[in-house]
Amino acid sequence: MVNRWLLSTGAAGGGRSCRTFPHICAQRRASGHRCSTGRAWVAKPHAAQETFLSRDMTVAIEMGHTTAGAPANLDLEELLATRLLVQGNSGSGKSHLLRRLLEQSAPWVQQTIVDPEGDFVSLGERYGHLVIDAEEHTERGLQAAGERARIHRVSTVLNLEGLDAENQMRRAAAFLGGLFEVARDHWYPMLVVVDEAQLFAPAVAGEVSDEARKLSLGAMTNLMCRGRKRGLAGIIATQRLAKLAKNVAAEASNFLMGRTFLDIDMARAADLLGMERRQAEAFRDLERGQFMALGPALSRRPLGLRIGPTDTSPRNGTPRLMAMPEAALEDARAIILAAPPPETVRTPRRVASPDLLDQLMAAKSAALEIRPEPAEPQISAEDLAERRERVDRVLRAILAQPDAGFRVIGVLYQEFVVRCRIEGLASVVPDLAEFRRMLTRARAGLGSETTQDDAWRDVSVRASLLPDDMQGVFMMIARAAKEGWPCPSDAAIARAYGSHSLRRARRLLTYIEEQGLIVCQLDGTGKRTVTLVELAWATAPGDPNAEEAQQGSLAF
22 MVNRWLLSTG
32 AAGGGRSCRT
42 FPHICAQRRA
52 SGHRCSTGRA
62 WVAKPHAAQE
72 TFLSRDMTVA
82 IEMGHTTAGA
92 PANLDLEELL
102 ATRLLVQGNS
112 GSGKSHLLRR
122 LLEQSAPWVQ
132 QTIVDPEGDF
142 VSLGERYGHL
152 VIDAEEHTER
162 GLQAAGERAR
172 IHRVSTVLNL
182 EGLDAENQMR
192 RAAAFLGGLF
202 EVARDHWYPM
212 LVVVDEAQLF
222 APAVAGEVSD
232 EARKLSLGAM
242 TNLMCRGRKR
252 GLAGIIATQR
262 LAKLAKNVAA
272 EASNFLMGRT
282 FLDIDMARAA
292 DLLGMERRQA
302 EAFRDLERGQ
312 FMALGPALSR
322 RPLGLRIGPT
332 DTSPRNGTPR
342 LMAMPEAALE
352 DARAIILAAP
362 PPETVRTPRR
372 VASPDLLDQL
382 MAAKSAALEI
392 RPEPAEPQIS
402 AEDLAERRER
412 VDRVLRAILA
422 QPDAGFRVIG
432 VLYQEFVVRC
442 RIEGLASVVP
452 DLAEFRRMLT
462 RARAGLGSET
472 TQDDAWRDVS
482 VRASLLPDDM
492 QGVFMMIARA
502 AKEGWPCPSD
512 AAIARAYGSH
522 SLRRARRLLT
532 YIEEQGLIVC
542 QLDGTGKRTV
552 TLVELAWATA
562 PGDPNAEEAQ
572 QGSLAF
């Protein structure tokens with residue numbers, strides 16, 4: 022059950038007018054509620070609810086009931102501005118709590134669940150969550166899926182079941198990275214639930230590689246430390262706080278502490294809830310589904326609550342006792358200790374050796390049938406230049422497409438080969454390595470004839486010091502410097518690099534400068550000038566924040 026409290030801007034101090042939820046306001050007006058200010062229709066909460074709620078609520082998610090029997094509500098908007106930590110031993114009801122929260126908030130906010138055990142895939146049948154089986158996708162594909170889910174506001178369940186620990190960490194980090202790196206225009210509010218968070222943000226190194234641990238821990242840290250400004254509200258659940266990285270757990274402002282038995286865990290939970298040490302024993306007495314709540318979205322003081330029922334259930338429920346099969350011991354011994362099936366051994370086929378005379382006759386016949394192939398005609402320099410120009414024209418046509426800068430090289434190469442065959446240039450199609458070099462020159466706006474210049478040979482040597490994906494950006498800047506054009510903007514650099522991120526473009530420029538290849542300077546008006554080291558080529562001042570359409574595309 023979801024309750025909406027529409028608050029006046031007067032004495033209540035809520036600051037929300039009826040324009041916030043117009044359809045609910047109409048329902049309140051139709052039901053005869055009086056308006057205290059003429060703008061908002063106030064619903065008076067129950068007296069018991071007033072003791073539980075930390076502040077006036079706009080969207081109240083009913084999580085269950087308090088120990089006193091009053092409804093236990095959670096302020097959804099306050100939760101979006103803070104974060105939630107759920108802790109409890111195995112079997113304490115953490116997954117049930119998360120399922121209740123997800124079901125109650127599904128109509129109001131976008132959700133994504135990082136599910137290592139496949140417990141939450143049933144949400145897709147009832148609430149329309151898109152279930153993504155991580156085992157069937159690559160890390161790059163999952164990152165793109167995270168970006169698209171954020172852009173189109175689709176609730177998802179990332180099912181990591183069937184993967185080992187390292188691949189779970191890598192794929193979860195890629196998906197969370199896609200949610201985090203989306204453009205500012207798509208920073209919509211979103212609940213990001215991570216079950217068994219100690220797997221993705223471990224406090225100490227385990228059996229996984231350091232690279233996988235750094236990727237996963239970095240993604241979890243971004244979610245909990247920097248996610249709020251991007252609309253991401255992290256909700257993490259763990260069996261033990263001691264297993265969870267401190268910089269991830271420390272960012273939570275709301276706490277739901279379930280049953281735990283170790284003294285060190287009870288003491289830490291009591292400290293987080295502001296309870297006295299002698300009260301920590303209460304965590305041992307909690308039943309399954311009972312939690313102690315504290316936080317701005319829950320309660321100002323520690324308060325016990327029992328989680329309500331859910332509409333869906335996990336695929337693997339709580340283990341129940343079952344009657345033993347009525348099988349005789351002799352039958353069980355015969356079945357369990359039966360000999361394994363014999364391995365099928367394939368005997369190699371004996372091939373009869375051919376007769377020696379037959380071999381000699383076959384060789385003689387083959388020699389008679391051999392005819393000298395006609396030599397290929399020599400290609401003149403004019404024809405070679407003409408073919409090279411046609412190949413460059415095909416490449417420019419491909420790069421003229423709006424999304425060409427953001428497509429992978431393999432896809433571009435396939436389209437390039439097809440177009441060359443259509444143009445009758447199948448005999449001169451370059452291999453993939455040569456195509457990479459051609460693509461680098463084309464993105465820098467260079468033709469085949471330009472690279473024959475001695476000065477450009479020096480530029481190519483310097484560009485080879487950089488990774489392959491950065492060489493095109495360096496050559497684009499070098500061309501602008503040689504021609505005296507304005508310095509390319511961050512948008513043009515990002516497009517030449519194959520990215521939408523302006524921040525990544527600035528980091529790329531800084532990296533090239535750190536390699537000692539260029540020097541960047543800003544004048545008094547904020548315009549940027551780039552000078553090539555030793556060559557003394559310098560661009561004209563250019564606005565780094567200019568749109569690519571205003572500046573003109575240097576890359577194509």
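So that you can map any letter, position 516 of the sequence shown is 537 in the numbering used here, and since no number is skipped, the others follow by simple counting. Positions of the beta carbon are idealized from the N, C-alpha and C atoms, including for glycine. This one's a predicted model, so the numbers in the text were calculated from it and none came from an experiment.
Determine the direct distance from the alpha carbon of leucine 144 to that of valine 225, and round the result to whole angstroms. 33 Å
Taking the CB atoms as reference points, tell me whether leucine 119 and alanine 258 lie closer together than 7 Å. yes
Let me confirm a value: threonine 87 is counted as buried when at least 16 other C-beta atoms fall within 10 Å, else exposed. Which label applies? By the neighbour-count rule (16 or more Cβ atoms within 10 Å), threonine 87 is buried.
Figure out for me which residue from Val135, Val415 and Ser274 has the closest Cα to the Cα of arginine 192. Val135
Can you have a look at glutamate 168 and say buried or exposed, based on whether 16 or more other CB atoms are within 10 angstroms of its CB? Answer is buried; the Cβ neighbour count reaches 16.
Can you tell me which of Arg462, Ala314 and Arg527 puts its alpha carbon nearest to the alpha carbon of methionine 84? Ala314
Residue of Phe312, His521, Met491 and Cys441 minimising C-alpha distance to arginine 462: Met491
Write down the C-beta distance between glycine 316 and asparagine 275 rounded to the nearest angstrom, noting that I regard them as a contact closer than 8 Å. 3 Å
Tell me the DSSP secondary structure of serine 320 in three-state form. strand
With a 10 Å radius around its C-beta and 16 neighbouring C-beta atoms as the bar for buried, classify lysine 250 as buried or exposed. Lysine 250 should be labelled exposed.
Taking all protein chains shown into account, decide if arginine 299 is buried (16 or more other Cβ within 10 angstroms of its Cβ) or exposed. exposed
For aspartate 332, report the span of its beta strand (DSSP E) as first-last. Where aspartate 332 is concerned, there is no enclosing beta strand (DSSP E), given that its DSSP letter is neither H nor E.
Start and end of the alpha helix (DSSP H) containing phenylalanine 456? Phenylalanine 456 -> alpha helix (DSSP H) spans 453 to 464.
Answer with buried or exposed for tryptophan 62, where buried requires no fewer than 16 other C-beta atoms within 10 angstroms of its C-beta. With a pLDDT of only 36 at tryptophan 62, under the threshold of 50, the placement of this residue in the model should not be trusted; the figure read from the coordinates follows. Tryptophan 62 comes out buried.
Could you compute how far the alpha carbon of glycine 537 sits from the alpha carbon of methionine 459? 25 Å
Measuring alpha carbon to alpha carbon, tell me which of Ala465, Ala559 and Arg414 ends up nearest alanine 517. Ala465
Taking the alpha-carbon of histidine 173 as reference, which of Asp185, Ala195 and Val130 has the nearest alpha-carbon? Val130
By how many angstroms is the C-alpha of methionine 190 removed from the C-alpha of glycine 227? 12 Å
Contact between the segment 407 to 424 and the segment 446 to 460 (3+ Cβ pairs under 8 Å): Of all C-beta pairs linking the segment 407 to 424 to the segment 446 to 460, three or more are shorter than 8 Å, placing the two stretches in contact.
DSSP state of alanine 559, grouped into three classes? strand
For the pair the segment 505 to 513 and the segment 554 to 570, tell me if three or more CB-CB distances fall below 8 Å. yes
Would you decide whether isoleucine 356 is buried or exposed? Buried here means 16 or more other CB atoms lie within 10 Å of its CB. exposed
In angstroms with no decimal places, state the Cα-to-Cα distance between alanine 51 and valine 142. Since pLDDT at alanine 51 reaches only 44, below the 50 mark, its modelled position is unreliable, and no value is offered.
Do the CB positions of leucine 523 and aspartate 511 come within less than 7 Å of each other? When the beta-carbon positions are compared, leucine 523 and aspartate 511 come within less than 7 Å of each other.
Where the alpha helix (DSSP H) containing arginine 414 begins and where it ends: 402 to 420
CB valine 152 to CB asparagine 188, shorter than 7 Å? no
According to DSSP, is alanine 288 part of a helix, a strand, or is it coil? Correct three-state label for alanine 288: helix.
Cutting at 8 Å between CB atoms, please list the residues of its own chain near glycine 252, excluding the five before and the five after it. Contacts found: Leu101, Trp208, Tyr209, Pro210 and Met211.
When DSSP labels each residue in this structure, what does glutamate 156 get in the three-state scheme? DSSP places glutamate 156 in the helix class (H, G or I) of the three-state scheme.
Phenylalanine 276, enclosing beta strand (DSSP E) - first and last residue: 275 to 278
Would you mind reading off the limits of the beta strand (DSSP E) that contains histidine 86? Looking at the DSSP string, the run of the beta strand (DSSP E) that includes histidine 86 is 81 to 87.
State the beta-bridge partners of cysteine 541 as determined by DSSP. Val551
Would the C-beta of glycine 183 count as close to the ligand FAD, meaning under 6 Å from any of its heavy atoms? This structure lacks the ligand FAD, and indeed carries no ligand of any kind.
Do glycine 519 and glycine 431 come within 7 Å of each other at the CB atom, strictly closer than that value? no
Do you know whose CA, among Ala301, Val229 and Ala476, lies nearest leucine 556's CA? Put simply, of Ala301, Val229 and Ala476 the residue whose alpha carbon is nearest the alpha carbon of leucine 556 is Ala476.
Could you name the residues of the same chain whose beta carbon sits closer than 7 Å to that of arginine 341, not counting the 5 residues immediately before and after it, in chain order? none
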